[in-house]
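Take the sequence shown: its position 244, counting from 1, is numbered 243 in numbering that gives the first Met the number 0, and each next residue is one higher. We treat Cβ as the ideally placed atom computed from N, Cα and C, and that holds for glycine. All of these numbers come straight from a predicted model, not from anything done at the bench.
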Amino acid sequence: MSEDTSAQPFAEGVEDVEGAQQATAPQVDEHSEAPEVEASAQEAPVIDPLEEFRKQMSALPGEWYVLHTYSGYERRVATDIMTRAENFEVEDYVFDATVPMETVIEIKNGNKKKEVSRVRIPGYVFVRMDLDDPETSDRVWRTIKDTPAVTGFVGDRYNPVPLTFEEAVSQLGPTPEEVAAQQAEAQAAPESGSGTQITADGKVFEVAFEVGESVIVTDGPFETLPATIAEIHPETQKLQVLISLFGRDTPAELSFTQVAKI
Numbered sequence: 000m001s002e003d004t005s006a007q008p009f010a011e012g013v014e015d016v017e018g019a020q021q022a023t024a025p026q027v028d029e030h031s032e033a034p035e036v037e038a039s040a041q042e043a044p045v046i047d048p049l050e051e052f053r054k055q056m057s058a059l060p061g062e063w064y065v066l067h068t069y070s071g072y073e074r075r076v077a078t079d080i081m082t083r084a085e086n087f088e089v090e091d092y093v094f095d096a097t098v099p100m101e102t103v104i105e106i107k108n109g110n111k112k113k114e115v116s117r118v119r120i121p122g123y124v125f126v127r128m129d130l131d132d133p134e135t136s137d138r139v140w141r142t143i144k145d146t147p148a149v150t151g152f153v154g155d156r157y158n159p160v161p162l163t164f165e166e167a168v169s170q171l172g173p174t175p176e177e178v179a180a181q182q183a184e185a186q187a188a189p190e191s192g193s194g195t196q197i198t199a200d201g202k203v204f205e206v207a208f209e210v211g212e213s214v215i216v217t218d219g220p221f222e223t224l225p226a227t228i229a230e231i232h233p234e235t236q237k238l239q240v241l242i243s244l245f246g247r248d249t250p251a252e253l254s255f256t257q258v259a260k261i
């Protein structure tokens with residue numbers, strides 16, 4: 000949401016010089032506009048993770064190609080490709096081999112939640128390389144094609160066609176869910192100067208919690224129980240909290256992401 004913070008022009012009185020008639024400008028209430036302008040100036044810009052990814056991608060050398068692999072071997076293939084590129088001395092033409100990953104929440108035993116990282120597109124590896132040099136393109140192509148567990152390039156296996164820029168962004172960039180999560184996290188983060196400053200290991204950290212603050216546990220065996228923060232360890236992103244169980248305070252260690260403010 001953007002506000003119209005353009006200030007109205009302020010006219011100045013024209014002094015009576017050499018007999019000229021004095022001109023009087025209409026008065027403008029400066030105090031009514033200033034707070035609105037100041038508030039707009041302090042408003043934090045909204046960062047678009049997808050647009051940031053586009054900028055990073057556009058600055059990278061080479062083009063993206065897609066390999067088909069045996070399912071379950073994707074990450075091993077990506078590692079082997081980079082190793083082979085170095086061993087066969089084509090590392091100047093093979094820049095990256097990546098496997099898009101995603102984080103999902105698995106529910107086990109009915110209610111136990113666990114974050115799991117898994118391959119987003121099973122059976123595929125994305126390779127960024129340069130096949131434009133006719134003197135090296137065949138050697139680069141064979142180095143990649145002959146990697147164990149690779150079944151071939153997607154499309155024309157003998158004349159690989161790179162992804163367009165938009166296709167590469169679509170396949171490798173953040174998903175709509177990831178974009179929404181990152182934007183929500185950025186909006187929920189404390190503004191500079193609004194958190195608690197804690198010194199640890201000679202460094203100053205700004206955290207969103209305070210000692211003595213009441214929170215709700217959102218994950219783990221104490222989920223949904225209220226707790227009181229006893230200690231904050233920003234260098235490890237951990238909290239020491241006290242949880243009331245059976246009328247007694249029980250100490251527990253939780254991560255910053257396992258609690259929520261009340």
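Excluding the 5 residues flanking it on each side, Thr-150 has same chain C-beta neighbours closer than 6 angstroms at His-67, in chain order. Take Glu-90, set aside five residues on each side of it, and the residues of its chain with a beta-carbon closer than 7 angstroms to its own are Ala-84, in chain order. Around Pro-159, the same chain offers Tyr-64, Phe-152 as residues with beta carbons nearer than 6 angstroms, after the five sequence neighbours per side are excluded. C-alpha of Pro-175 to C-alpha of Met-56: approximately 18 angstroms in a straight line. Look at Glu-234 here: in three-state DSSP terms it is coil, with no helix or strand label. Judged by their CB atoms, Tyr-92 and Thr-135 are nearer to each other than the 8 angstroms cut-off. Contact check for Pro-60 against Gln-181 fails: the beta carbons are separated by 8 angstroms or more. Pro-121 is classed as exposed because its beta carbon has fewer than 16 other beta carbons within 10 Å across all chains shown. By the neighbour-count criterion, in which a residue is buried when 16 or more other Cβ atoms sit within 10 angstroms of its Cβ, Gly-71 is exposed.
Each residue's CA atom was taken as its position, placing Glu-51 and Gly-172 some 10 angstroms apart.
The criterion of a C-beta distance shorter than 8 angstroms is not satisfied by Thr-102 and Phe-125. Residue ranges of uninterrupted beta strand (DSSP E) with 3 or more members, entirely inside the segment 67-143 and ordered along the chain, are 93-97, 100-107, 111-118, 123-128.
According to DSSP, Asp-248 shares a beta bridge with Ser-243. Going by DSSP, Ala-259 is part of no alpha helix (DSSP H) but of the beta strand (DSSP E) stretching over 258-260. Leu-224 and Val-216 have their C-alpha atoms roughly 6 angstroms apart.
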